[in-house]
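Enquirer: These protein sequences, in sequence, are chains U and C. Residue numbers for the first sequence follow numbering that gives the first Met the number 0, beginning at 0 and rising by one. Residue numbers for the second sequence follow numbering that gives the first Met the number 0, beginning at 0 and rising by one.
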Amino acid sequence: MFKVTIEFLRSWYACDDPRRVFLARYPDGVELADLLSDVCVDYPGETMWLVDTIIRHGLLPLQVVVAALTRVLAGGLDVPGSVIDRLANRGVPPQVRLRRLRNNTEGSALLLALLDDLLDVGGVAEVNSLAFNLRPILGLPLYEANTKLALALVVELRLLEDELPSGPGGRDDSYGENEGEYDEDEEEELP
Amino acid sequence: MKVIIEFLRSWGACPAARREFLERYPDGVELADLLVALANSGNEAWTSWFLGLLLVEGLVPFVIVPDALIKALEDAPNVPPDVIATLRLSGYSPVERLRVLAERDGVDPNLQSVFRDLWCGRGLNAYGLSEVLGVWESTATERFARALAEELLRLGGELPFGPSDPDDDYEEDEEDEDDEE
Numbered sequence: 000m001f002k003v004t005i006e007f008l009r010s011w012y013a014c015d016d017p018r019r020v021f022l023a024r025y026p027d028g029v030e031l032a033d034l035l036s037d038v039c040v041d042y043p044g045e046t047m048w049l050v051d052t053i054i055r056h057g058l059l060p061l062q063v064v065v066a067a068l069t070r071v072l073a074g075g076l077d078v079p080g081s082v083i084d085r086l087a088n089r090g091v092p093p094q095v096r097l098r099r100l101r102n103n104t105e106g107s108a109l110l111l112a113l114l115d116d117l118l119d120v121g122g123v124a125e126v127n128s129l130a131f132n133l134r135p136i137l138g139l140p141l142y143e144a145n146t147k148l149a150l151a152l153v154v155e156l157r158l159l160e161d162e163l164p165s166g167p168g169g170r171d172d173s174y175g176e177n178e179g180e181y182d183e184d185e186e187e188e189l190p
Numbered sequence: 000m001k002v003i004i005e006f007l008r009s010w011g012a013c014p015a016a017r018r019e020f021l022e023r024y025p026d027g028v029e030l031a032d033l034l035v036a037l038a039n040s041g042n043e044a045w046t047s048w049f050l051g052l053l054l055v056e057g058l059v060p061f062v063i064v065p066d067a068l069i070k071a072l073e074d075a076p077n078v079p080p081d082v083i084a085t086l087r088l089s090g091y092s093p094v095e096r097l098r099v100l101a102e103r104d105g106v107d108p109n110l111q112s113v114f115r116d117l118w119c120g121r122g123l124n125a126y127g128l129s130e131v132l133g134v135w136e137s138t139a140t141e142r143f144a145r146a147l148a149e150e151l152l153r154l155g156g157e158l159p160f161g162p163s164d165p166d167d168d169y170e171e172d173e174e175d176e177d178d179e180e
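#1: In chain C, what lies closer than 9 Å to U:PHE7 by C-beta?
#2: Between C:VAL59, C:GLY127 and C:GLY90, which lies nearest to C:PHE101 when the distance is taken from Cα to Cα?
#3: Enumerate, from N- to C-terminal direction, the unbroken beta strand (DSSP E) stretches of 3 or more residues contained entirely within the segment 42 to 66 of chain C.
#4: Can you tell me which of C:PRO79, C:GLU29, C:TRP48 and C:PRO162 puts its alpha carbon nearest to the alpha carbon of C:ASN124?
#5: Starting from U:MET47 and walking both ways along the alpha helix (DSSP H), at which residues does that stretch end?
#6: Quick one: is C:ALA37 near chain U, going by C-beta distance under 8 Å?
#7: Tell whether a beta-carbon distance below 8 Å holds between U:ASN132 and U:THR46.
#8: Which residue from U:GLY90, U:VAL3 and U:PRO60 puts its Cα closest to that of U:GLY168?
#9: Cα separation between C:GLU151 and U:GLY44?
#10: Can you give the Cα-Cα distance for U:PRO135 and U:LEU109, rounded to whole angstroms?
#11: Please confirm whether C:VAL64 and C:LEU132 have their CB atoms less than 8 Å apart.
#12: Residues of the segment 33 to 67 of chain C with a CB closer than 7 Å to any CB of chain U: list them in chain order, please.
#13: For chain U, check one thing: does any of its Cβ atoms lie closer than 8 Å to the Cβ of C:GLU19?
#14: With 8 Å set as the bound, which would you pick, yes or no: does the beta-carbon of U:SER36 sit closer than that to a beta-carbon of chain C?
#15: Suppose the cutoff is 6 Å on Cβ atoms and the five residues either side in sequence are ignored; what does the same chain contact list for U:GLU6 look like?
#16: Under a Cβ-count criterion, where at least 16 other Cβ atoms within 10 Å of its own Cβ denotes burial, should C:ASN42 be classed as buried or exposed?
#17: Using a Cβ cut-off of 8 Å, pull out every chain U residue sitting near C:LEU30, in sequence order please.
#18: For U:GLY57 versus C:PHE160, is the C-beta distance shorter than 8 Å?
#19: What does U:PRO60 pair with, by DSSP beta-bridge criteria?
#20: Going by alpha carbons, who is nearest to U:ASP129 out of U:ASP77, U:LEU148 and U:GLU160?
#21: I think C:LEU50 touches C:ALA144, with their Cβ atoms under 8 Å apart; what is that distance to the nearest whole Å?
#22: Nearest chain U C-beta to C:PHE143 closer than 8 Å, yes or no?
#23: U:LEU118 and U:ARG101: beta carbons closer than 8 Å?
#24: Comparing the C-beta of C:ARG8 with each C-beta of chain U, is any distance below 8 Å?
#25: With which residues is C:LYS70 paired in a DSSP beta bridge?
#26: Under 8 Å, with one C-beta from each stretch per pair, do the segment 72 to 85 of chain C and the segment 94 to 108 of chain C reach the 3-pair mark?
#27: On the CB-based measure, 16 or more other CB atoms within 10 Å of its CB, does C:ALA148 come out buried or exposed?
#28: Roughly how far, in whole angstroms, is the beta-carbon of C:GLU157 from the beta-carbon of U:LYS2, given that I think they are within contact range, below 8 Å?
#29: Suppose the cutoff is 8 Å on Cβ atoms and the five residues either side in sequence are ignored; what does the same chain contact list for C:ALA75 look like?
#30: So, under 8 Å CB-CB, U:ALA32 and U:VAL153 are touching, yes? Tell me the CB distance rounded to an integer number of Å.
#31: Thinking just about the alpha-carbon of each residue, which of C:PHE114, C:VAL59, C:SER89 and C:PRO25 is nearest to the one in C:VAL99?
#32: Alpha carbon to alpha carbon, how far is U:PRO140 from U:VAL29? Give it in angstroms, no decimals.
#33: Can you say whether C:SER92 is buried or exposed, counting buried as having 16 or more other CB atoms within 10 angstroms of its CB?
#34: Which residues in chain C have a C-beta closer than 7 Å to the C-beta of U:PRO135? List them in chain order.
#35: Using a C-beta to C-beta distance shorter than 7 Å, which residues of chain C count as neighbours of U:GLY57?
#36: Who are the neighbours of C:VAL2 on chain U, taking C-beta pairs under 7 Å?
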């Protein structure tokens, strides 16, 4: 779905060592989901840079990022179920979901800081990894929190595969039986 | 990224749009091709709906939005060079670039409304863009749709490069790395 090449690493200022390893292991590039998954296992120290870069710079569809975050926070220590429900509500655009949660006092200060980060309210001066905010919410060490986010991204990216994600109506509703057999009397309305 | 009929159904496309989509693309179609086809169709309502869906629902990487805007603004008569330069600041996140421009003093209010709506996740402000470009709203929408399609094609399934030019002394550095090995 999204391929990563050595030029990507170079242009986003990856260090020499990771670039060298990347070139040796993936001379023709690699799918992002595979890379994230490999890095989590073999080079966990490099995961933070990769996750932060792809999220902070808007390199992935926001739907994917929010879905991954929801997946991670669902295992958090003190994350209210209502927060997860709101984050998971695909009937509301993802940025609106993040914004509403940020403006809602229901969330903890840590969660608000994380949402601020995701909404880029803090701006580029905030150089801390997203995992710094995620760590206490999950009650995990820094790298583990980050790995969890990375693996959630892997799951969401693989779900995406080559197709755009389906919407709140779900993709399987009565498909097969009815598609293509439109009722002639069906209302001709604009989307 | 491919668009298939289930996608349109799940996002609530109207029956007429779904019927036409099925006739034209029974096996689905690449997103960029669909955007271009919509822009060429002259069907402003459908183009605008689909464009809004992609932007508001965060279905495309946001990093391509400022570049698409730069392309759409190419023929605009009075866009200051510093605005374009800020849009190009790839070291900053795309959201941050749009936010800064939306709040910058002295920028055309119509242009600011375009930046603000994109930054806030409200999609394309076609009216604002049309005022800036001096064209009809439908033309502004089409222009942006084409620009977004071009950026998607440029992406070509690869994650986009960052602020430094990937071709800069690439050969030389690669040799260095080989030497080090």
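In this text, a Cβ means the ideal position worked out from N, Cα and C, and glycines have one as well. None of the values given here were measured: they were computed from a predicted structure.
Expert: Taking the definition as stated:
#1: Reading the first sequence from its first residue, position 8 is the one you call residue 7 of chain U. Those within 9 Å of U:PHE7 in chain C are GLU157, LEU158, PRO159, PHE160, GLY161 and PRO165.
#2: The residue labelled residue 101 of chain C in the question sits at position 102 within the second sequence. Here residue 101 of chain C turns out to be Ala, not Phe, going by the sequence shown. Cα-wise, what sits closest to C:ALA101 is C:GLY127.
#3: none
#4: Translated into the one-based positions of the second sequence, residue 124 of chain C becomes position 125. Per the Cα distances, C:TRP48.
#5: Along the first sequence, one-based indexing puts residue 47 of chain U at 48. Segment 46 to 55, the alpha helix (DSSP H) holding U:MET47.
#6: The sequence position of residue 37 of chain C within the second sequence is 38, counting from 1. According to the sequence as given, residue 37 of chain C is Leu; it is not Ala. It does not; no Cβ of chain U falls within 8 Å.
#7: Working through the first sequence from its first residue, we reach residue 132 of chain U at position 133. Working through the first sequence from its first residue, we reach residue 46 of chain U at position 47. Not a contact, by the Cβ cut-off of 8 Å.
#8: Here residue 168 of chain U refers to the residue found at position 169 of the first sequence. The candidate whose alpha carbon is nearest that of U:GLY168 is U:GLY90.
#9: Position 152 of the second sequence, counted from the start, is the residue given in the question as residue 151 of chain C. Position 45 of the first sequence, counted from the start, is the residue given in the question as residue 44 of chain U. Here the sequence assigns Leu to residue 151 of chain C, which means Glu is not the residue at that position. Going from the Cα of C:LEU151 to the Cα of U:GLY44 covers about 31 Å.
#10: Taking the first residue of the first sequence as 1, we reach residue 135 of chain U at position 136. Taking the first residue of the first sequence as 1, we reach residue 109 of chain U at position 110. If I take the Cα positions, the gap works out to 8 Å.
#11: Locating residue 64 of chain C in the second sequence gives position 65, where the first residue counts as 1. Locating residue 132 of chain C in the second sequence gives position 133, where the first residue counts as 1. No, they are not a contact pair.
#12: ALA44, TRP45, TRP48, VAL55, GLU56, GLY57, LEU58, VAL59, PRO60, PHE61 and VAL62
#13: To locate residue 19 of chain C, count along the second sequence from 1; it is residue 20. Chain U contact via Cβ: absent.
#14: Position 37 of the first sequence holds residue 36 of chain U. With 8 Å as the cut-off, U:SER36 does not count as an interface residue toward chain C.
#15: Along the first sequence, read from residue 1 onward, the residue named residue 6 of chain U stands at position 7. None.
#16: Taking the second sequence and counting its residues from 1, the one referred to as residue 42 of chain C is at position 43. So C:ASN42 ends up on the buried side.
#17: Start at 1 with the first residue of the second sequence, and residue 30 of chain C comes out as number 31. Those within 8 Å of C:LEU30 in chain U are LEU163.
#18: Residue 57 of chain U sits at position 58 when you count from the first residue of the first sequence. Residue 160 of chain C sits at position 161 when you count from the first residue of the second sequence. Going by C-beta atoms, U:GLY57 is not nearer than 8 Å to C:PHE160.
#19: Here the question's residue 60 of chain U lines up with position 61 in the first sequence. In DSSP, U:PRO60 forms a bridge with C:PRO60.
#20: One-based indexing of the first sequence puts residue 129 of chain U at position 130. According to the sequence displayed, residue 129 of chain U carries Leu and not Asp. Ranking U:ASP77, U:LEU148 and U:GLU160 by Cα distance to U:LEU129 puts U:LEU148 first.
#21: Here residue 50 of chain C is taken as the residue at index 51 of the second sequence, counted from 1. Here residue 144 of chain C is taken as the residue at index 145 of the second sequence, counted from 1. At roughly 5 Å, the Cβ-Cβ gap stays under 8 Å, so C:LEU50 and C:ALA144 are in contact.
#22: Here residue 143 of chain C is taken as the residue at index 144 of the second sequence, counted from 1. No, its Cβ sits nowhere closer than 8 Å to a Cβ of chain U.
#23: Taking the first residue of the first sequence as position 1, residue 118 of chain U is located at position 119. Taking the first residue of the first sequence as position 1, residue 101 of chain U is located at position 102. Their beta carbons are under 8 Å apart, which means U:LEU118 touches U:ARG101 by this criterion.
#24: Your numbering for residue 8 of chain C matches position 9 in the second sequence. It does; some Cβ of chain U falls within 8 Å.
#25: Taking the second sequence and counting its residues from 1, the one referred to as residue 70 of chain C is at position 71. For C:LYS70, which the question treats as bridged, DSSP gives no partner whatsoever.
#26: yes
#27: Counting from 1 along the second sequence, the entry for residue 148 of chain C is found at position 149. Buried, since its Cβ has 16 or more Cβ neighbours within 10 Å.
#28: In the second sequence, counting from the first residue as 1, residue 157 of chain C sits at position 158. In the first sequence, counting from the first residue as 1, residue 2 of chain U sits at position 3. Right, their Cβ atoms sit about 5 Å apart.
#29: Here residue 75 of chain C corresponds to residue number 76 of the second sequence, with the count starting at 1. Excluding sequence neighbours, C:ALA75 sits near VAL131, LEU132 and GLY133.
#30: Position 33 of the first sequence, counting from 1, holds the residue named residue 32 of chain U. Position 154 of the first sequence, counting from 1, holds the residue named residue 153 of chain U. Sure, about 5 Å apart at Cβ, within 8 Å.
#31: As a first step, residue 99 of chain C is located in the second sequence; it is residue number 100 there, counting from the start. That would be C:PHE114, whose Cα lies nearest to the Cα of C:VAL99.
#32: Indexing the first sequence from 1 puts residue 29 of chain U at position 30. Indexing the first sequence from 1 puts residue 140 of chain U at position 141. Cα-Cα distance, rounded: 28 Å.
#33: Stepping through the second sequence from its first residue, residue 92 of chain C is reached at position 93. It counts as buried.
#34: Working through the first sequence from its first residue, we reach residue 135 of chain U at position 136. The contacting residues do not exist; U:PRO135 stays about 24 Å from chain C at best.
#35: Sequence index remark: in the first sequence, residue 57 of chain U carries index 58 (1-based). PRO60, PHE61, VAL62, SER92, PRO93 and VAL94, listed in chain order.
#36: Translated into the one-based positions of the second sequence, residue 2 of chain C becomes position 3. What C:VAL2 touches in chain U: LEU163.
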